[in-house]
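Just below is one structure, and these are the notes that go with it.
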Amino acid sequence: MSAAAHNLNPAQQAAVTHGDGPLLIIAGAGTGKTRTLVHRVAHLIERGVAPQRILLLTFTRRAAQEMLRRVESLTGSRGARVHGGTFHATAHRLLRSYGAQAGLAPAFTILDQGDAIDLVGISRAELGFGQRKSRFPRKETLHHVYSRHVNTEIAVGDILRDEFPQFEEHAADINRVFADYTARKERRNLVDYDDLLLFWAAMLDAPGDLGTRIAALYDHVLVDEYQDTNLLQARILRGLCRSHRNITVVGDDAQSIYSFRGATVRNILDFPEQFAGATRVTLEQNYRSTQPILDVSNALIEHARQRYRKRLFTTRGGGEPPALVAARDEHEQTLFVVDRILEMHEQGTPLREMAVLFRAGYMSADLEIELTNRKIPFEKWGGLKFLEAAHVKDVLAFLRILENPRDDVSWYRVLHLLPGVGDVTARAAVALLAERSWDPRAFAVFTPPRAARAAHAALVALLDRLGAPGASGPRGVSEEIALLRTMYDAILRDRYDRAEPRLADLDQLEAIAGQFPTRAAFLSELALDPPSGTQDLAGAADTESDALILSTAHSAKGREWDAVFVIWAVDGWFPSARALRSDDDTDEERRLMYVALTRARNALFIVHPLDAYGARGGSGYAINQLSRFLDERVRAYTQRMVAVPDVSPGAAATAVSSEPIDLRALLRGRFGGN
DNA sequence: TTTTGAAGTCTCTCC
DNA sequence: GACTTCAAAA
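The first sequence lines up with residues -1 to 672 when you count with the numbering used here.
Structure follows, in structure tokens:
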């Protein structure tokens, strides 16, 4: 089938049928970027490129799955052989196959960000920093600097000078912490996210034939969301494509929102220089949104400093202007959103076709409570991750000890769970284990303080049972979880409040563990591709079910919905006060708002509470003003609304009205009298 | 000496 | 609301 037969517009067609050599596709929001990329892959296959020699790199697994599914529907089973995934997942796969040839011990475990921060914290404590008078960076800050250094190749000293001048004097000690952290990872056979990319890049650049062999695995490389790649990723791509230069990148500089992770918009701006002779195609026709929604979005992004000029247009007629809704407080905002959603649902819009977007995960708390009370199903993307929940990390720590007994981070975590065991006892136990070559059974020999004796005995017994084969040969992962929960559930009830939902999380964890052949596969998968939240896990079995989507603006990228609500459009919230340290940061926040607005197809509501509770502890930005991005020029394209709750008994419906109401008047005079 | 409970300090985005 | 810090209790 020819590309034209698929109703592609001329620009899309040019991109799809581009022959060999570097190709840069600048694609505005909703311009059929995914469609173009998918058709290009299909076109390559039709042209005779072997599917397994095509690599499709995406930003999230959700995007990867979606694209591979669509490739398959275009090309049939051949498409299933295309390699696709995130940079990190692809790096992981290559390291498992080729890492040993580059000196990486096999059977390494992957540290997720939380683990990595904990490990940095251990290095920090071991070296004795942090107990001093003069302020030393927190473990989170240290990890941030470390990660930035690896991903951007900027010297540690320069990062400190630019971002944390207050810690510049500690540069030498900070480097010592990093050296210790690096050594610790190596001793424990651990690999963090940054290592995945770094090692991949290093293998490609390695002298000898290793790099050549890895580069020779693929004939064509296609990259989605190129504006969100960093220097290290660009280096990997140069290495991968050095012989054939068959690289296609798709991106939108107006949607670059990951600089906090080291992404640089320079990658996309400099692509023509990096890959000389690159062809450039720009997609500007938007197929997603109504013109009024595009008008607001265009006005918003107009004043961002960006290189590739483009102005989205659509041939879709009609559509209401987006609504700018003032709510009295957070709860009124919630009621407005919920009532509107129910209204549209009544009129036939499935819940799954509507989304509520916000700057940060915690901002949906009130909304989640209301949805739960009203029994409206929802799925939350982004924000606090399933894996970051303390009780899930606890259970995984047990599994990690079994998988890699040298993992002292997990040992500390498990030991701390025992009543009567604090820092000192845990340290002593780990020291003993280290002495006995990390044999888990050596733990039985450890003499705990009196208060911890019973707990110690229980853990010894548990590890013993876990170490022994089950009744039917080696245990499955879910069987292991069930077994360790015989001990852990009681600890959970004791240590955490709201035990029930947490236990339900563990039920889910146990269930998905059953899908993995080995413990190692389960742990790697969780680190690289964590479920986005408990709801996500619960809904894994029935993705068909209808549920409203709640998402951070970041996690919403690449998606679209019939109706979109952007809540907390308040200065200090969106843009986030924390992210306003420089003009560049402000620009990124603006692009993030742009991403949020351009997710909407037909209806867009921007809601801002006038009174945010307590004005964030009374410090700083106390006045709740409308987001600075929604200035007059943007507001000119919106219609103003006021959310007013209906106070009649039994109804919580929200009416749209510009009339103020007087609550006291409802009762005034009702009982006669003066 | 070690643990643990309470008061106090922040609080983002993600592979 | 989770994590850190500090002081009391065992």
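Each residue gets a CB set at the ideal place from its N, CA and C atoms; glycine is no exception.
### Query
Which residues in the same chain have their Cβ closer than 7 angstroms to the Cβ of Ala9, if we skip the five residues on either side of it in sequence?
Val279, Thr280, Leu281
### Message
Suppose you measure from the CA of Ala261 to the CA of Asp226; what does that come to, to the nearest Å?
### Response
5 angstroms
### Query
Out of curiosity, what's the CA-to-CA distance linking Leu230 and Lys137?
23 angstroms
### Query
Excluding the five sequence neighbours on either side, which residues of its own chain have a C-beta within less than 7 angstroms of the C-beta of Arg233, listed in chain order?
Ala199
### Reduced DSSP secondary structure (H/G/I, E/B, other) of Trp566
coil
### Query
Do Ile255 and Tyr224 have their C-beta atoms within less than 7 angstroms of each other?
no
### Task
Under 8 angstroms by Cβ, that's how I've got Val248 and Val221 pegged, so tell me the actual separation to the nearest angstrom.
7 angstroms
#### Entry: Pairwise C-alpha distance: Glu161 and Ser580
10 angstroms
### Message
Please state the DSSP three-state secondary structure of Thr277.
### Response
strand
### Message
Does Tyr360 pass the burial test, meaning 16 or more other C-beta atoms within 10 Å, or should it be called exposed?
### Response
exposed
#### Entry: Spatial neighbours of Asp392 in its chain, beta-carbon cut-off 7 angstroms, leaving aside the 5 residues before and after
Arg411, Leu415, Tyr486
### Extent of the continuous alpha helix (DSSP H) run through Val443
Neither: Val443 is in no alpha helix (DSSP H) and is coded neither H nor E.
### Query
Does DSSP put Ala9 in a helix, a strand or coil?
helix
### Query
Cβ of Met342 within 7 angstroms of Cβ of Trp559?
no
### Task
Just grab the DSSP bridge partners of Pro499 for me.
The partner list for Pro499 (beta bridge, DSSP) is empty, contrary to what the question assumes.
### Message
One question on the structure: do Leu349 and Leu546 come within less than 7 angstroms of each other, judged by their Cβ atoms?
### Response
yes
### Task
With DSSP collapsed to three states, give me the class of His16.
coil
#### Entry: C-alpha gap between His329 and Asp337, whole angstroms
12 angstroms
### Query
So Arg182 and Ser121 are in contact, right, with Cβ under 8 angstroms, and what is the actual spacing, rounded?
6 angstroms
### Task
Evaluate the contact criterion for the stretch 76 to 89 versus the stretch 573 to 590: three or more CB pairs, one atom per stretch, below 8 angstroms.
no
#### Entry: Contacts around Val390, its chain only, beta-carbon distance under 8 angstroms, and the 5 residues preceding and following it disregarded
Phe384, Asp503, Leu504, Leu507
### Task
Tell me whether Val69 is buried or exposed, calling it buried when 16 or more other Cβ atoms sit within 10 Å of its Cβ.
buried
#### Entry: Span of the beta strand (DSSP E), counted from its first residue to its last, around Trp379
376 to 379
### Query
For Gly28 versus Asn284, is the C-beta spacing smaller than 7 angstroms?
yes
### Task
Assuming Leu340 and Thr312 form a contact by the criterion Cβ under 8 angstroms, report the distance between their Cβ atoms to the nearest whole angstrom.
Actually they are not in contact, since the Cβ atoms of Leu340 and Thr312 sit about 29 angstroms apart, beyond 8 angstroms.
### Neighbourhood of Gly616 by C-beta distance below 7 angstroms, restricted to the same chain and skipping five residues each side
Reliability of the predicted coordinates at Gly616 is poor, the pLDDT of 36 falling under 50, and the value obtained from them is presented with this limitation in mind. Excluding positions up to five away in sequence, the list is empty.
### Query
Roughly how many angstroms lie between the CA atoms of His242 and Pro20, to the nearest whole one?
9 angstroms
### Query
Just curious, the alpha helix (DSSP H) that Asn673 is in, first and last residue?
This structure does not reach residue 673, given that the chain is present from -1 up to 672, and the question cannot be answered.
### Message
For the alpha helix (DSSP H) containing Asp487, name the first residue and the last one.
### Response
475 to 493
### Message
Is the separation between the beta-carbon of Val632 and that of Leu602 shorter than 7 angstroms?
### Response
no
### Query
What is the DSSP secondary structure of Asn228, reduced to helix, strand or coil?
strand
### Query
Is it the case that the Cβ atoms of Ser625 and Ala567 are separated by a distance below 7 angstroms?
yes
### Task
Just the C-alpha distance for Ser553 and Val80, rounded to the nearest angstrom, thanks.
25 angstroms
### Query
Do you know offhand how far Leu195's Cα is from Asn228's?
10 angstroms
### Query
What's the call for Gln331, buried or exposed, on a 16-neighbour Cβ count within 10 Å?
buried
### Query
Is Thr107 near Leu188, with beta carbons less than 7 angstroms apart?
yes
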